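Student:
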Amino acid sequence: MQTCIVGQWVDSTTCTGTDVCANGSTQNGSTACGLNSEGVYAQDCISGAWVDNTTCTGTDVCTNGDSQVGTLACGFNNGGMLLEDCTSGAWVEGTTCSIPDQVSVCANGACTTSIGSLGRTLNVTTANLNNTGYNVAVVDPGASVSFAISGNVVANNTSCPGCITQFYARMNGVFGLCLGSTVGGYSFNKSATFTAPADPGIYFINHNSGWQLNCGTSTSGSTALSSYTIATLIVRDPSITYSSLGRTVTMSSINMNSSGTDSAAVSQGSSVGYSIAGDVVDSNTSCPGCFTQFYARINGVFGLCLGNGTGNWSFNEITTFTAPAETGIYFVNPASGWAWGCGTSTSASTNMGTSTMGYLFVHP
């Protein structure tokens with residue numbers, strides 16, 4: 047702007063420009079952004095005006111209050127993952143596992159499991175796996191396994207009350223048993239025989255449901271343990287050996303609570319007998335002259351020394367212990383050490399492995 051002074055135009059200090067910024071410059075704006083509105087959008091100076099761009103100053107990686115499955119193993123047989131909680135925009139390890147810590151073992155097969163699905167409630171009242179009288183069993187790979195289940199379905203009339211609805215008991219990829227296909231409620235008493243998986247491991251029978259005209263033949267189902275799991279099948283490794291400290295232990299017989307097998311179902315806090323026989327062979331590859339001990343243990347419950355010596359030996363040991371107070375499945379696992387004599391520790395792995403020496407099912 048110019049002012050006429052003494053007949054001459056002279057620049058004044060007043061500018062007609064209205065731009066508020068220098069083109070090409072940037073600054074932080076005031077529009078909130080980010081997963082938790084913790085940041086603001088940056089602004090670019092375009093044609094002299096500040097314009098929000100797509101760059102956010104927020105650095106949060108999650109929305110507060112959300113949760114996700116983490117990477118730390120937890121739960122029964124370490125088959126689950128510890129959940130992570132989003133706190134202050136960051137994932138923090140929580141205290142909740144994605145699966146239960148233990149399997150529900152039904153006393154004499156009398157299960158009480160209620161599962162809501164598709165506007166109906168599936169009530170399982172009995173589950174008998176492989177004629178054990180319980181909803182748990184241990185078998186060899188490829189064995190023929192029987193399964194019986196009874197209960198009822200209640201129609202709650204909350205979702206498609208006129209639809210034909212199916213409920214199933216399935217072991218993923220192994221077998222599927224239709225419990226019923228109808229409109230409304232009904233009772234069921236079903237049985238099936240299937241072939242156990244070829245690979246040693248722990249397999250769960252879980253429920254499934256659908257809306258079709260009739261029962262399907264799919265065996266697809268959840269492989270995870272949950273509070274709604276109907277039954278649990280353990281496929282043992284038929285050749286039980288344990289190699290440690292340059293020695294190999296081979297078990298020739300295991301008798302859990304006079305069952306004649308490596309597994310037994312007992313009540314909480316009851317007295318349990320356990321015997322085991324086998325051989326230790328020294329390969330002379332690690333401290334061949336050292337006194338070596340091998341043990342059979344349920345972690346925190348009992349420890350049985352299978353021998354203390356150098357070289358090779360045979361063992362035939364027996365013990366009695368008190369069953370845990372908490373219901374579930376417990377594994378007898380091996381341990382070893384170098385010492386002058388047998389120790390009294392009961393520390394051992396709580397997970398099933400190829401060297402597991404026994405299976406204890408504790409029911410109410």
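Take 47 as the starting number for the sequence shown in the numbering used here and just add one per residue. Glycine included, C-beta positions come from ideal geometry on N, C-alpha and C. Since this is a predicted model, take the numbers as computed values, not measurements.
Taking 7 Å as the cut-off, is the C-beta of residue 52 nearer than that to any heavy atom in the ligand GDP?
Tutor: Ligands displayed in this structure: none; no statement on the ligand GDP is therefore possible.
Student: Give the DSSP-derived three-state secondary structure of residue 346 in the structure shown.
Tutor: The sequence position of residue 346 within the sequence shown is 300, counting from 1. Reduced to three states, the DSSP call for residue 346 is coil.
Student: Provide the residue(s) that pair with residue 278 in DSSP beta bridges, ordered along the chain.
Tutor: Here residue 278 corresponds to residue number 232 of the sequence shown, with the count starting at 1. DSSP, once it has assigned bridges, lists 182 and 250 as partnering residue 278.
Student: From 254, 351, 334 and 375, pick the residue whose C-alpha is nearest to that of residue 314; which is it?
Tutor: Taking the first residue of the sequence shown as 1, we reach residue 314 at position 268. Measuring from the Cα of residue 314, the nearest candidate turns out to be 375.
Student: Does the Cβ of residue 102 have 16 or more other Cβ atoms within 10 Å, making it buried, or fewer, making it exposed?
Tutor: The sequence position of residue 102 within the sequence shown is 56, counting from 1. Classification of residue 102: buried, given that the 10 Å Cβ count is 16 or more.
Student: Taking residue 149 as part of the beta strand (DSSP E), name the residues at either end of that continuous run.
Tutor: Taking the sequence shown and counting its residues from 1, the one referred to as residue 149 is at position 103. Residue 149 -> no beta strand (DSSP E), and no H or E assigned at all.
Student: Residue 200 lies in the beta strand (DSSP E); which residues open and close that run?
Tutor: Against the sequence shown, residue 200 aligns to sequence position 154. That run of the beta strand (DSSP E) goes 190-201.
Student: Here's the rule: buried if 16 or more other CB atoms are within 10 angstroms of the residue's CB, otherwise exposed. What is residue 190?
Tutor: Numbered from its first residue, the sequence shown carries residue 190 at position 144. Exposed, because fewer than 16 other Cβ atoms sit within 10 Å of the Cβ of residue 190.
Student: Under the three-state reduction of DSSP, which class applies to residue 270: helix, strand or coil?
Tutor: As a first step, residue 270 is located in the sequence shown; it is residue number 224 there, counting from the start. The answer is coil: DSSP assigns residue 270 none of H, G, I, E or B.
Student: Taking 8 Å as the threshold (C-beta atoms), are residue 223 and residue 214 in contact?
Tutor: The residue you call residue 214 lines up with position 168 of the sequence shown. The residue you call residue 223 lines up with position 177 of the sequence shown. Yes, these two residues count as a Cβ contact at 8 Å.
Student: With a cut-off of 8 Å on the beta carbons, I'd call residue 291 and residue 332 a contact; round off their distance for me.
Tutor: Along the sequence shown, read from residue 1 onward, the residue named residue 291 stands at position 245. Along the sequence shown, read from residue 1 onward, the residue named residue 332 stands at position 286. Correct: roughly 6 Å between the Cβ atoms.
Student: Quick check on the burial criterion: 16 or more other C-beta atoms within 10 angstroms. Buried or exposed for residue 304?
Tutor: Looking up residue 304 in the sequence shown gives position 258. Counting Cβ neighbours within 10 Å, residue 304 comes out exposed, since fewer than 16 surround it.
Student: Who pairs with residue 19 in a beta bridge, going by DSSP?
Tutor: Residue 19 is absent from the model: the chain starts at 47 and stops at 410.
Student: Measure the C-alpha to C-alpha separation of residue 263 and residue 254 and round it to an integer number of angstroms.
Tutor: Translated into positions along the sequence shown, residue 263 becomes position 217. Translated into positions along the sequence shown, residue 254 becomes position 208. Using only the alpha carbons, I get a separation of about 12 Å.
Student: Does DSSP put residue 116 in a helix, in a strand, or in coil?
Tutor: Position 70 of the sequence shown, counted from the first residue, corresponds to residue 116. Here residue 116 sits in strand by DSSP.
Student: May I ask which residues mark the beginning and end of the beta strand (DSSP E) holding residue 73?
Tutor: Stepping through the sequence shown from its first residue, residue 73 is reached at position 27. Where residue 73 is concerned, the enclosing beta strand (DSSP E) stretches over 72-79.
Student: Per the contact definition of three or more C-beta pairs closer than 8 Å, is the stretch 87-95 in contact with the stretch 62-72?
Tutor: Yes: at least three Cβ pairs fall under 8 Å.
Student: Can you grab the Cα-Cα spacing for the pair residue 390 / residue 381, in whole Å?
Tutor: Position 344 of the sequence shown, counting from 1, holds the residue named residue 390. Position 335 of the sequence shown, counting from 1, holds the residue named residue 381. Those two C-alpha atoms are separated by around 12 Å.
Student: Kindly give me the distance between the Cβ atoms of residue 424 and residue 265, rounded to whole angstroms, as I take these residues to be in contact under 8 Å.
Tutor: The chain is shown only over 47 to 410; residue 424 falls outside these bounds and no answer can be derived.
Student: Check this for me: beta carbons of residue 407 and residue 180, under 8 Å apart or not?
Tutor: Within the sequence shown, residue 407 is the residue found at index 361, counting from 1. Within the sequence shown, residue 180 is the residue found at index 134, counting from 1. The answer is yes: Cβ separation under 8 Å.
Student: Pull the bridge partners of residue 322 from the DSSP assignment, please.
Tutor: Within the sequence shown, the letter at position 276 stands for residue 322. DSSP, once it has assigned bridges, lists 300 and 363 as partnering residue 322.
Student: Where does residue 154 sit, in a helix, a strand or coil, going by DSSP?
Tutor: To locate residue 154, count along the sequence shown from 1; it is residue 108. Of the three classes helix, strand and coil, the one that applies to residue 154 here is helix, per DSSP.
Student: Drop a sphere of 10 angstroms on the beta-carbon of residue 306, count the other beta-carbons inside from all chains shown, and report buried for 16 or more, exposed for fewer.
Tutor: On the sequence shown, residue 306 is found 260 positions in, with the first residue counted as 1. The residue in question, residue 306, is exposed, as its Cβ has fewer than 16 Cβ neighbours within 10 Å.
Student: Rounded to the nearest angstrom, what separates residue 121 and residue 397 at their Cα positions?
Tutor: Numbered from its first residue, the sequence shown carries residue 121 at position 75. Numbered from its first residue, the sequence shown carries residue 397 at position 351. C-alpha separation (whole angstroms): 10 Å.
Student: Would you mind working out which of 90, 362, 310 and 58 sits nearest residue 413, comparing C-alpha positions?
Tutor: Because the chain here runs from 47 to 410, residue 413 falls outside it and cannot be looked at.
Student: Just to confirm, are residue 282 and residue 243 a CB contact at a threshold of 8 Å?
Tutor: Position 236 of the sequence shown, counted from the first residue, corresponds to residue 282. Position 197 of the sequence shown, counted from the first residue, corresponds to residue 243. Contact: no.
Student: On the criterion of 16 or more Cβ atoms from any shown chain inside 10 Å, does residue 139 qualify as buried, or is it exposed?
Tutor: Taking the sequence shown and counting its residues from 1, one reaches residue 139 at position 93. It counts as exposed.
Student: Do you know offhand how far residue 193's Cα is from residue 83's?
Tutor: Taking the sequence shown and counting its residues from 1, one reaches residue 193 at position 147. Taking the sequence shown and counting its residues from 1, one reaches residue 83 at position 37. Approximately 54 Å between the Cα atoms of the pair.
Student: Going by Cα to Cα distance, which pick from 289, 260 and 342 is closest to residue 299?
Tutor: Here residue 299 refers to the residue found at position 253 of the sequence shown. Among 289, 260 and 342, the Cα nearest to that of residue 299 belongs to 342.
Student: Alpha carbon to alpha carbon, what distance is there between residue 112 and residue 326?
Tutor: One-based indexing of the sequence shown puts residue 326 at position 280. One-based indexing of the sequence shown puts residue 112 at position 66. Answer to the nearest angstrom: the Cα atoms are 53 Å apart.
Student: Report yes if the C-beta distance between residue 267 and residue 218 is below 8 Å; otherwise report no.
Tutor: Locating residue 267 in the sequence shown gives position 221, counting from the first residue. Locating residue 218 in the sequence shown gives position 172, counting from the first residue. Yes, these two residues count as a Cβ contact at 8 Å.
Student: Comparing alpha-carbon positions, which option in 198, 259, 377 and 165 lies nearest residue 206?
Tutor: Position 160 of the sequence shown, counted from the start, is the residue given in the question as residue 206. Checked all of 198, 259, 377 and 165; the closest Cα to residue 206 is 165.
Student: Using only alpha-carbon positions, find the residue among 196, 216 and 228 that is nearest to residue 208.
Tutor: Counting from one through the sequence shown, the residue named residue 208 turns up at place 162. If we check each option's Cα against that of residue 208, 228 comes out closest.
Student: So is residue 478 buried or exposed if we call it buried at 16+ other beta carbons inside 10 Å?
Tutor: Nothing can be reported for residue 478, as the shown portion of the chain is limited to 47 through 410.
Student: Excluding the 5 residues preceding and the 5 following residue 81 in the sequence, name in chain order all residues of the same chain whose CB lies nearer than 6 Å to its CB.
Tutor: One-based indexing of the sequence shown puts residue 81 at position 35. Contacts found: 106 and 109.
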